[in-house]
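What follows is a set of notes on a single structure, which appears directly below.
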Amino acid sequence: MAYTHQGGTKKKVCYYYDVNVGEDCPVFDGLFEFCQLSTGGSAAGAVKLNRQQTDIAVNWAGGLHHAKKSEASGFCYVNDIVLAILELLKYHQRVLYIDIDIHHGDGVEEAFYTTDRVMTVSFHKYGEYFPGTGDLRDIGAGKGKYYAVNYPLRDGIDDESYELIFKPVLSKVMEMFQPSAVVLQCGADSLSGDRLGCFNLTIKGHAKCVEYMKTFNLPLLMLGGGGYTIRNVARCWTYETAVALDSEIPNELPYNDYFEYFGPDFKLHISPSNMTNQNTQEYLDKIKQRLFENLRMLPHAPGVQMQAIPEDAIADDSGEEDEEDPDKRISIRASDKRIACDEEFSDSEDEGEGGRRNVANHKKSAKRARVDEDKKETEDKKAEVKEEDKSKDSGSEKTDDKRLGPNVD
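The opening residue of the sequence shown carries number 1 in the working numbering; numbering runs sequentially from there.
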């Protein structure tokens with residue numbers, strides 16, 4: 001952004017570099033803040049998992065799997081998934097990425113296409129469909145050969161068929177790759193009735209992927225993704241949050257400000273449509289067999305050379321906030337994040353001593369006062385002892401004089 005002067009008038013001019021913004025990645029007010037929240041949420045979740053502060057971290061604002069290193073793509077501006085995986089790799093030798101969005105996770109696959117530390121597994125619609133990648137033969141390159149797994153699907157796949165391919169493939173992947181952390185992208189555009197999708201999954205069928213990955217008891221980062229029938233996206237991620245928490249929630253939706261959007265039935269779960277499942281059992285078995293052959297080509301689970309762990313992307317304490325106006329009251333959120341320490345200021349109990357003062361200095365002065373008081377008490381005791389000694393000496397002299405009797409010439 002720059003400013004130009006034309007005819008004595010100052011004008012603001014925006015320069016857009018060739019990063020593919022526009023069309024399906026439009027620029028809008030608050031774009032940078034959105035990217036910060038989306039990416040920061042996924043990175044924060046990864047940090048929590050690394051520090052073993054949680055078993056499952058969730059960021060439904062994340063999962064923007066199409067963004068590339070140098071360009072935006074497919075409604076995705078910054079690839080929070082890649083950044084979160086890089087954070088996990090600081091502590092974990094191998095990370096597994098699973099994508100159940102209807103679109104191929106091309107941005108994540110491209111980022112880790114040549115490494116054996118990240119395996120990407122994507123179940124997606126393939127053919128004349130965005131982004132047009134994710135062929136069965138795309139298996140990785142160099143050290144990453146066979147570490148990219150793509151399961152191309154046709155229109156109309158239902159819950160039963162999806163479960164019959166998801167569980168066997170992931171079971172084999174877990175056996176061969178042996179990851180120590182899992183990232184699951186839960187794009188909801190694979191649900192039945194999605195405006196841009198063409199699968200026929202119900203919310204329960206979609207959530208079975210979450211249920212299955214939980215059984216491995218590994219650190220799990222759950223992310224959002226696509227989804228263009230908004231009411232079903234809300235239903236799906238609400239239910240999958242409950243699955244992550246091992247909680248049961250009723251099918252009847254509670255009344256809320258958006259209740260009318262969920263009509264006419266006002267239920268949590270949706271029914272599949274009567275669309276034809278073009279994924280025949282023969283086709284699914286053929287693809288699955290090819291994937292198993294590729295997975296058998298994997299060497300033993302790769303190790304990683306020991307090295308110093310880089311700093312976490314998010315520190316424990318964000319530090320003092322820089323406020324332009326020192327008299328401006330900080331937000332409640334910022335106030336809650338602050339941790340009181342010895343250098344914080346607090347109200348003095350003795351208002352006659354100046355009201356507010358530094359806690360650490362108060363402790364030092366109090367300690368100094370106690371030392372001075374002890375020293376004075378010791379000196380007083382010594383003085384008393386000396387006085388007693390003098391009294392004794394004086395009494396002794398008088399006794400000797402009496403013993404000698406009067407002086408007679």
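In this text, a Cβ means the ideal position worked out from N, Cα and C, and glycines have one as well.
Taking DSSP as the reference, what is the three-state secondary structure of residue i?
{"i": "residue 185", "result": "strand"}
{"i": "residue 232", "result": "helix"}
{"i": "residue 373", "result": "helix"}
{"i": "residue 161", "result": "helix"}
{"i": "residue 273", "result": "coil"}
{"i": "residue 267", "result": "strand"}
{"i": "residue 71", "result": "coil"}
{"i": "residue 319", "result": "Note that residue 319 has pLDDT 49, beneath the 50 cutoff, so the model's placement of it is unreliable and the number below is only indicative. In the structure shown, residue 319 sits in coil (DSSP, three-state: anything other than H, G, I, E or B)."}
{"i": "residue 89", "result": "coil"}
{"i": "residue 191", "result": "strand"}
{"i": "residue 282", "result": "helix"}
{"i": "residue 245", "result": "coil"}
{"i": "residue 314", "result": "coil"}
{"i": "residue 115", "result": "coil"}
{"i": "residue 389", "result": "helix"}
{"i": "residue 177", "result": "helix"}
{"i": "residue 199", "result": "coil"}
{"i": "residue 239", "result": "helix"}
{"i": "residue 140", "result": "coil"}
{"i": "residue 378", "result": "helix"}
{"i": "residue 81", "result": "helix"}
{"i": "residue 383", "result": "helix"}
{"i": "residue 261", "result": "helix"}
{"i": "residue 130", "result": "coil"}
{"i": "residue 217", "result": "coil"}
{"i": "residue 299", "result": "coil"}
{"i": "residue 145", "result": "coil"}
{"i": "residue 309", "result": "coil"}
{"i": "residue 53", "result": "coil"}
{"i": "residue 368", "result": "helix"}
{"i": "residue 328", "result": "coil"}
{"i": "residue 94", "result": "coil"}
{"i": "residue 292", "result": "helix"}
For residue i, write down the residues that DSSP places opposite it in a beta bridge.
{"i": "residue 99", "result": "122 and 185"}
{"i": "residue 152", "result": "124"}
{"i": "residue 222", "result": "58 and 184"}
{"i": "residue 22", "result": "25"}
{"i": "residue 252", "result": "267"}
{"i": "residue 76", "result": "73"}
Among the options, which one has its Cα closest to the Cα of residue i?
{"i": "residue 92", "options": "381, 239 and 310", "result": "310"}
{"i": "residue 120", "options": "99, 137 and 127", "result": "99"}
{"i": "residue 47", "options": "221, 38 and 177", "result": "221"}
{"i": "residue 158", "options": "148, 137 and 198", "result": "198"}
{"i": "residue 19", "options": "70, 31 and 38", "result": "70"}
{"i": "residue 163", "options": "191, 126, 206 and 155", "result": "206"}
{"i": "residue 195", "options": "176, 233, 160 and 167", "result": "233"}
{"i": "residue 108", "options": "86, 389, 176 and 125", "result": "86"}
{"i": "residue 177", "options": "261, 217 and 95", "result": "95"}
{"i": "residue 63", "options": "294, 274, 227 and 375", "result": "227"}
{"i": "residue 257", "options": "52, 297, 231 and 124", "result": "231"}
{"i": "residue 76", "options": "28, 376 and 200", "result": "28"}
{"i": "residue 215", "options": "190, 244 and 299", "result": "244"}
{"i": "residue 266", "options": "251, 273, 275 and 276", "result": "251"}
{"i": "residue 293", "options": "146, 106 and 307", "result": "146"}
{"i": "residue 88", "options": "180, 61 and 156", "result": "180"}
{"i": "residue 190", "options": "219, 237 and 149", "result": "237"}
{"i": "residue 137", "options": "291, 155 and 379", "result": "291"}
{"i": "residue 202", "options": "192, 376 and 211", "result": "192"}
{"i": "residue 49", "options": "72, 24, 90 and 264", "result": "90"}
{"i": "residue 125", "options": "379, 277 and 219", "result": "277"}
{"i": "residue 53", "options": "219, 279, 248 and 235", "result": "219"}
Mind checking which residues open and close the alpha helix (DSSP H) that includes residue i?
{"i": "residue 213", "result": "203-214"}
{"i": "residue 39", "result": "31-50"}
{"i": "residue 63", "result": "Element bounds for residue 63: n/a, residue is neither H nor E."}
{"i": "residue 109", "result": "106-111"}
Pairing CB atoms from the segment 166-173 with CB atoms from the segment 127-144, are three or more of them under 8 Å? The segment 166-173 is not in contact with the segment 127-144.
Contact between the segment 26-43 and the segment 54-65 (3+ Cβ pairs under 8 Å): Yes: the two stretches touch, three or more of their Cβ pairs being nearer than 8 Å.
How about the segment 138-149 and the segment 107-116: do they share at least three Cβ pairs that are nearer than 8 Å? Yes, the segment 138-149 touches the segment 107-116.
Per the contact definition of three or more C-beta pairs closer than 8 Å, is the segment 208-224 in contact with the segment 180-200? Yes, they touch.
Are the segment 18-35 and the segment 71-85 touching by the rule of at least three beta carbon pairs closer than 8 Å? Because the criterion of three Cβ pairs below 8 Å is met, the segment 18-35 and the segment 71-85 touch.
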